[in-house]
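Our numbering applies: residue 290 is where the sequence shown begins, and numbers increase by one.
Here a beta-carbon is modelled for each residue, glycine too, at the ideal position from N, C-alpha and C.
Nothing here was measured: the structure is a model prediction, and the numbers come from that model.
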Amino acid sequence: RLTNIVYMGMGEPLLNYNNVLKSIDKITNPSAFGYSSRRVTISTSGIVKGIKRLADDNIKVNIALSLHAADDKKRNQIMPINETNNLHDVIESLKYLYDKTKIKISYEYIMFKNFNDSIEDAENLFKLTKYFPVRVNIIEYNYVEGVNLSKASEDKINAFAKYLVDKGVMATVRRSRGKDIDAACGQLANKVEKEKID
């Protein structure tokens, strides 16, 4: 039986706000699927207006922020959305949402070799955990053809996680599944596009 529902990997949910909320209403309606809103998560790259709208509409589902870098300079390089929705504004909007709804918030953080895997990066991430209760999910990078990034070493991943845990942060390393068939996180769309080109 399906236990949790996550809006992820299908376009930015907060740019499709009305339709996402309609589907959440059906998912959580006792007369339909009847899932608890506590088992529904919206993953977002950080759309400030959308996050604030969730707060104002009193939508109580979990939020996962695709963070992946804890400073604007690095985040701009891998997530262009950060240029118009910078980290300060995103964190402020999440604090606004938490203060109004007390929902669960997590940071998703893919670790890349020699890019965002240093203890300095961990220190910057720690600074972003002080505004509301948050869980950090540290994620192994899955190889995607044509992308000039590679997976951080196990030692770097473990040291990064240990730094956060030692600081009192709820941090978990998420091990990848499905890599053997190119179906792990971030791989499937790339595979489909490659087959179209071929």
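Counting beta carbon pairs with one atom in the segment 345-356 and one in the segment 395-406, are three or more of them shorter than 8 Å? yes
Distance between F401 and K451 (C-alpha atoms, nearest Å): Here residue 451 corresponds to residue number 162 of the sequence shown, with the count starting at 1. Here residue 401 corresponds to residue number 112 of the sequence shown, with the count starting at 1. Rounded to whole angstroms, K451 to F401 spans 17 Å at the Cα level.
Taking contact to mean 3 or more Cβ pairs, one atom from each stretch, closer than 8 Å, check whether the segment 440-459 and the segment 413-422 are in contact. A contact exists between the segment 440-459 and the segment 413-422.
Integer Cβ distance of F449 from I428, believed to fall under 8 Å: Along the sequence shown, read from residue 1 onward, the residue named residue 449 stands at position 160. Along the sequence shown, read from residue 1 onward, the residue named residue 428 stands at position 139. Contact flag wrong, Cβ pair sits at about 11 Å.
Touching by the beta-carbon criterion (3+ pairs, under 8 Å), the segment 361-376 and the segment 309-324: no
Can you tell which of L376, R424, I392, L343 has its C-alpha closest to the C-alpha of S334? Indexing the sequence shown from 1 puts residue 334 at position 45. Closest by alpha carbon: L376.
Just grab the DSSP bridge partners of L354 for me. Here the question's residue 354 lines up with position 65 in the sequence shown. Per DSSP, T333, Y396.
For V295, which option in R328, D360, S442 has the closest C-alpha, if you only look at C-alpha atoms? Along the sequence shown, read from residue 1 onward, the residue named residue 295 stands at position 6. That would be R328, whose Cα lies nearest to the Cα of V295.
Taking just the CA atoms, how far does N447 sit from Y432? By 1-based counting over the sequence shown, the position of residue 432 is 143. By 1-based counting over the sequence shown, the position of residue 447 is 158. For Y432 and N447, the distance between alpha carbons rounds to 19 Å.
Jot down the residue ranges of each uninterrupted beta strand (DSSP E) in the segment 395-462, minimum 3 residues, whole runs only, in chain order. 424-429
Any idea which residues DSSP pairs I282 with across the strands? Residue 282 falls outside the range modelled here, since the chain spans only 290 to 487, and no answer is possible.
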